[in-house]
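Remarks on the structure that follows.
Here's what the structure looks like:
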């Protein structure tokens with residue numbers, strides 16, 4: 036953002052933007068009491084953090100230390116043992132063995148998973164579409180919304196045809212699923228015990244589809260306002276096929292090598308957020324900066340739209356995380372609670388960090404902090420306690436706020452701060468899972484460092500590095516090939532006019548916007564732009 040920018044059953048299931056300095060100061064000195072120092076640079080006010088930033092850092096460090104101590108002390112009591120199941124009927128001597136009972140569909144679990152699927156769909160459209168759409172300039176609002184909407188359509192078809200088979204199909208060398216389930220052959224209405232013993236296989240498939248939809252949609256924030264729509268379509272299909280599907284198999288597919296290693300990712304910290312955040316970095320580097328970046332103000336044009344999108348993301352994320360329990364029960368409840376708690380803590384962590392550094396909190400900062408918390412708690416949501424979720428969220432708010440401010444020093448144009456929020460937030464969340472995970476929450480998971488298992492940190496680091504390497508280099512190669520074949524960027528004239536007009540012949544707000552040289556609007560837009568007929572006088 037250029038504005039002061041499973042899944043193993045019962046263990047895992049299978050994902051904004053930040054604040055970049057944009058505030059213009061009208062040439063006056065900061066008001067009395069403003070924390071830090073300000074100076075005018077490149078037409079924008081740049082606030083240099085003062086000592087208050089150190090105060091916040093110390094406060095958060097103390098908070099983490101105290102919270103960690105409490106986390107060690109708070110060993111939840113072991114759950115009472117379940118009553119013993121009645122013994123299975125024994126075959127008579129010399130007779131055939133008793134047949135195993137077929138998997139039975141639970142209507143409550145199925146209803147919960149389908150509802151969660153709808154909630155995750157809501158995260159992409161309209162949630163992410165509005166969140167991103169409000170942060171771009173008005174001439175690019177519809178084009179930005181269009182990207183999220185069309186990804187929903189594209190990946191829905193790709194997933195049914197081959198995506199689900201590559202991600203969750205029968206394992207091939209611990210790296211990819213086979214094509215046995217292409218076109219959903221063999222994916223029916225009976226449960227698949229490997230992925231959901233109490234829900235139809237197609238219910239699990241449609242839930243996973245919504246994760247595959249939102250992940251490439253997150254990346255669009257990095258190249259907002261400058262990518263050709265045709266190149267975007269091809270990139271989305273290629274990225275989903277060659278990056279998302281293999282990574283999902285590594286972490287969640289039966290036989291995937293990271294799953295076999297014991298990597299913990301309950302709902303997508305590595306698969307969704309690290310992959311999208313790191314891919315966003317590669318995209319920003321390959322496609323380059325927007326015209327005027329660093330010299331012209333590129334402010335969000337509609338913050339109420341962005342806040343509405345953030346609220347929808349918060350709402351839909353309960354399906355994202357709690358739905359990853361697959362069944363409706365204690366684990367889903369725990370994931371629901373820690374998701375809300377971490378999100379709240381991150382919104383506060385970002386707000387106080389920004390307040391200390393810049394002198395005032397902002398609405399965009401609070402919304403971005405909430406999204407950062409949602410990202411960070413995603414991999415840990417099925418493994419950690421509510422107290423740990425407060426620590427994870429608060430640290431995420433602080434880390435992601437500072438990560439989003441680094442991009443101006445590094446010189447890349449990540450338009451809507453996908454790298455700072457999703458790349459950093461997902462990395463911290465995956466690492467925090469290795470610290471705070473406890474079998475007291477999920478016995479089918481594992482213990483982290485603070486619960487006596489230091490080896491889990493090593494496994495999480497391997498998973499983080501694997502996701503970083505695949506996402507960055509894979510995305511870099513895909514974009515370089517597409518740039519050579521199709522070209523990635525719109526031309527300068529189209530970028531100045533805005534993608535709404537140049538790519539879609541529409542305008543979000545002003546139908547009377549004139550056509551620019553060399554561009555002829557068409558369709559409904561052309562009809563709307565026709566001059567009104569003058570009334571004739573009857574004789």
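Residue numbers (the numbering used here): 36 to 574.
Cβ coordinates follow ideal geometry from the N, Cα and C atoms, glycine included.
Small disclaimer: the values here were computed from a predicted structure and weren't measured.
Using alpha carbons as the reference points, say which of the options lies closest to residue i.
{"i": "residue 412", "options": "432, 394, 397", "result": "432"}
{"i": "residue 323", "options": "248, 523, 217, 528", "result": "523"}
{"i": "residue 371", "options": "286, 505, 147, 243", "result": "147"}
{"i": "residue 283", "options": "418, 529, 267, 498", "result": "498"}
{"i": "residue 426", "options": "457, 390, 470", "result": "470"}
{"i": "residue 172", "options": "159, 232, 331, 158", "result": "331"}
{"i": "residue 436", "options": "463, 446, 531, 419", "result": "463"}
{"i": "residue 367", "options": "376, 357, 373, 374", "result": "357"}
{"i": "residue 539", "options": "163, 158, 181", "result": "181"}
{"i": "residue 250", "options": "391, 289, 280, 264", "result": "280"}
{"i": "residue 310", "options": "351, 447, 441, 457", "result": "457"}
{"i": "residue 269", "options": "211, 465, 513", "result": "513"}
{"i": "residue 262", "options": "142, 377, 533", "result": "533"}
{"i": "residue 326", "options": "467, 260, 388, 379", "result": "260"}
{"i": "residue 186", "options": "541, 239, 244, 369", "result": "244"}
{"i": "residue 209", "options": "329, 486, 295, 342", "result": "295"}
{"i": "residue 506", "options": "450, 142, 254, 446", "result": "254"}
{"i": "residue 289", "options": "394, 503, 227", "result": "227"}
{"i": "residue 448", "options": "258, 380, 237, 496", "result": "258"}
{"i": "residue 466", "options": "266, 267, 482", "result": "482"}
{"i": "residue 453", "options": "267, 378, 307", "result": "307"}
{"i": "residue 163", "options": "451, 422, 236, 197", "result": "451"}
Quick check on residue i: buried or exposed, where buried means 16 or more other Cβ atoms within 10 Å of its Cβ?
{"i": "residue 508", "result": "exposed"}
{"i": "residue 145", "result": "buried"}
{"i": "residue 418", "result": "buried"}
{"i": "residue 102", "result": "The predicted model places residue 102 with a pLDDT of 45, which falls under 50 and marks its position as unreliable; any figure quoted below should be read in that light. Buried."}
{"i": "residue 8", "result": "In the structure as shown, the chain starts at 36 and stops at 574, and residue 8 therefore has no counterpart that could be examined."}
{"i": "residue 242", "result": "buried"}
{"i": "residue 161", "result": "buried"}
{"i": "residue 428", "result": "buried"}
{"i": "residue 224", "result": "exposed"}
{"i": "residue 313", "result": "buried"}
{"i": "residue 176", "result": "buried"}
{"i": "residue 486", "result": "buried"}
{"i": "residue 445", "result": "exposed"}
{"i": "residue 479", "result": "exposed"}
{"i": "residue 174", "result": "buried"}
{"i": "residue 291", "result": "buried"}
{"i": "residue 526", "result": "exposed"}
{"i": "residue 51", "result": "Bear in mind that the predicted position of residue 51 carries a pLDDT of just 34, short of 50, making it unreliable; the figure below should be weighed with that in mind. Buried."}
{"i": "residue 344", "result": "buried"}
Could you compute how far the alpha carbon of residue i sits from the alpha carbon of residue j?
{"i": "residue 316", "j": "residue 443", "result": "13 Å"}
{"i": "residue 28", "j": "residue 229", "result": "Beyond the ends of the chain as shown, which are 36 and 574, falls residue 28; an answer cannot be given."}
{"i": "residue 167", "j": "residue 438", "result": "19 Å"}
{"i": "residue 386", "j": "residue 404", "result": "7 Å"}
{"i": "residue 287", "j": "residue 484", "result": "22 Å"}
{"i": "residue 234", "j": "residue 424", "result": "29 Å"}
{"i": "residue 165", "j": "residue 321", "result": "26 Å"}
{"i": "residue 293", "j": "residue 347", "result": "32 Å"}
{"i": "residue 373", "j": "residue 349", "result": "13 Å"}
{"i": "residue 407", "j": "residue 206", "result": "33 Å"}
{"i": "residue 521", "j": "residue 318", "result": "15 Å"}
{"i": "residue 420", "j": "residue 214", "result": "39 Å"}
{"i": "residue 183", "j": "residue 440", "result": "25 Å"}
{"i": "residue 334", "j": "residue 476", "result": "43 Å"}
{"i": "residue 85", "j": "residue 389", "result": "Per-residue confidence for residue 85 stands at a pLDDT of 44, beneath the threshold of 50, marking its modelled position as unreliable; the derived number appears in the next sentence. Those two C-alpha atoms are separated by around 11 Å."}
{"i": "residue 391", "j": "residue 384", "result": "11 Å"}
{"i": "residue 212", "j": "residue 461", "result": "24 Å"}
{"i": "residue 489", "j": "residue 473", "result": "12 Å"}
{"i": "residue 158", "j": "residue 351", "result": "5 Å"}
{"i": "residue 143", "j": "residue 252", "result": "30 Å"}
{"i": "residue 415", "j": "residue 541", "result": "42 Å"}
{"i": "residue 232", "j": "residue 139", "result": "7 Å"}
{"i": "residue 377", "j": "residue 410", "result": "9 Å"}
{"i": "residue 329", "j": "residue 169", "result": "20 Å"}
{"i": "residue 179", "j": "residue 544", "result": "14 Å"}
Curious, which full-length alpha helix (DSSP H) runs of at least 4 residues does the region 465-527 contain?
-> 490-520
Does the count of Cβ pairs from the region 400-412 and the region 180-194 closer than 8 Å reach three?
-> no
Are three or more beta carbon pairs between the region 198-210 and the region 353-372 nearer than 8 Å?
-> no
Is the region 291-310 touching the region 217-234 in the sense that three or more CB pairs, one from each, lie closer than 8 Å?
-> no
Let me know the beta strand (DSSP E) ranges lying completely inside the region 169-247, each 3 residues or longer, listed in chain order.
-> none
Are the region 332-344 and the region 271-289 touching, with three or more C-beta to C-beta distances below 8 Å?
-> no
Which full runs of the alpha helix (DSSP H) of 4+ residues lie inside the region 317-364, going along the chain?
-> 338-357
Do three or more CB pairs link the region 150-159 to the region 502-517 at distances below 8 Å?
-> no
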